[in-house]
Amino acid sequence: MMVNPKERNQRMKSLFAQVDTEVLAKQSAPSRAEQEKRRVGSVAVKSMDRAFVSIEDENRRLHDQLLSCESVIELDPDRVAPSFISDRLDIEGDGTFQAFVEGIREAGQKLPILVRPLAGRPGQYQAAYGHRRLRACQILKRPVKAIVRELSDEELVISRGIENSEQLNLSFIEQALFAFNLKERKYSRELISNALGRKEGQRLASISILTNTAALIPEGLIR
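Residues in the sequence shown are numbered from 142 upward in steps of one, following the working numbering.
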């Protein structure tokens with residue numbers, strides 16, 4: 142049945158005739174105290190949300206930092222094999238080596254060595270650089286401080302440049318034999334130069350001199 146607008150309005154008025162609008166308004170509108178309570182609660186929730194987000198961000202940052210950082214650990218020196226290629230003819234034959242050992246005995250090992258895990262041999266490692274420190278710790282029967290890093294053969298060779306660039310007592314013939322042995326393994330002159338810690342201007346020509354010298358002299362006579 143169709144109802145005209147006027148009749149509809151009258152029915153709506155009669156429907157709510159018994160409702161006290163003032164009471165309804167008081168019940169509907171929150172008090173100032175309630176409004177403040179709701180506001181504080183909302184701020185607290187937002188603050189808590191921000192705190193959780195901040196904690197998650199910090200956890201993520203710390204996780205990434207732990208993954209990227211390399212810790213110095215102590216290893217049994219007898220479980221660390223020397224590099225597959227050596228740049229020294231005789232570590233213990235060096236006149237300064239005994240003083241080096243005594244220095245570590247008295248003051249401890251200041252700088253860690255670099256090692257890589259040996260594939261298929263759990264708990265076994267191979268030194269990339271730091272062979273004098275490794276040998277000193279073996280003699281002193283004390284743990285060797287080391288950084289463990291996954292390295293390919295090429296990366297291991299290049300890492301030697303870090304140490305060789307600082308060695309002042311590596312003889313010419315030791316450098317020559319080291320460079321020649323790397324050349325025999327098909328490494329480039331650029332890589333050999335880096336492995337010897339050579340600076341710009343001392344690089345490729347000097348590598349040729351080193352390798353040619355070692356090639357001309359029998360290794361038995363060199364040693």
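C-beta: ideal position from N, C-alpha, C; glycine also.
The beta carbon of residue 356 sits closer than 7 Å to the beta carbons of 321 from its chain, once the five residues preceding and following it are set aside; these are given in chain order.
When DSSP assignments are scanned along the segment 207-273, the uninterrupted stretches of beta strand (DSSP E) that are 3 or more residues long and fall wholly within it turn out to be 213-216, 254-258, 266-270.
DSSP places residue 288 inside the beta strand (DSSP E), whose first and last residues are 285-289. DSSP places residue 337 in no alpha helix (DSSP H); its state is neither H nor E.
Here residue 240 is exposed: its Cβ has fewer than 16 other Cβ atoms, across all protein chains shown, within 10 Å. Secondary structure of residue 324 (DSSP, three-state): helix. Residue 364 sits in coil when the DSSP states are folded into three classes, being neither helix nor strand.
Following the DSSP letters along the chain, one finds residue 312 in no alpha helix (DSSP H), marked with neither H nor E. Contact fails between the segment 318-332 and the segment 248-262, because fewer than three Cβ pairs, one in each stretch, are under 8 Å apart.
Non-local C-beta neighbours of residue 328 in its own chain, meaning closer than 7 Å and more than five positions away in sequence, comprise 298, ordered along the chain.
Only residues of its own chain outside the window of five on either side were considered, and among them 317 have a CB closer than 7 Å to the CB of residue 354, listed in chain order. Pairing residue 267 with residue 273, the inter-Cα distance amounts to about 14 Å.
The Cβ-Cβ distance between residue 213 and residue 285 does not fall below 8 Å. Residue nearest to residue 260 within the set 217, 351, 352, 294 is 294 (criterion: CA-CA distance).
Here the alpha carbon of residue 347 sits roughly 23 Å from the alpha carbon of residue 225. Counting every other CB atom within 10 Å of its CB across the protein chains shown gives residue 262 a total below 16, marking it as exposed. For the pair residue 349 and residue 257, the Cα-to-Cα distance works out to about 30 Å.
Contact between residue 276 and residue 315 is ruled out by a C-beta separation of about 16 Å, above the 8 Å threshold.
Taking each of 358, 363, 245, 332 in turn and checking the Cα distance to residue 282, the smallest one comes out for 245. Residue 345 carries a helical assignment under DSSP once its states are collapsed to helix, strand and coil. Put simply, the backbone Cα of residue 337 is about 19 Å away from that of residue 360. Between residue 345 and residue 330, the C-beta gap is smaller than 8 Å, which places the two residues in contact.
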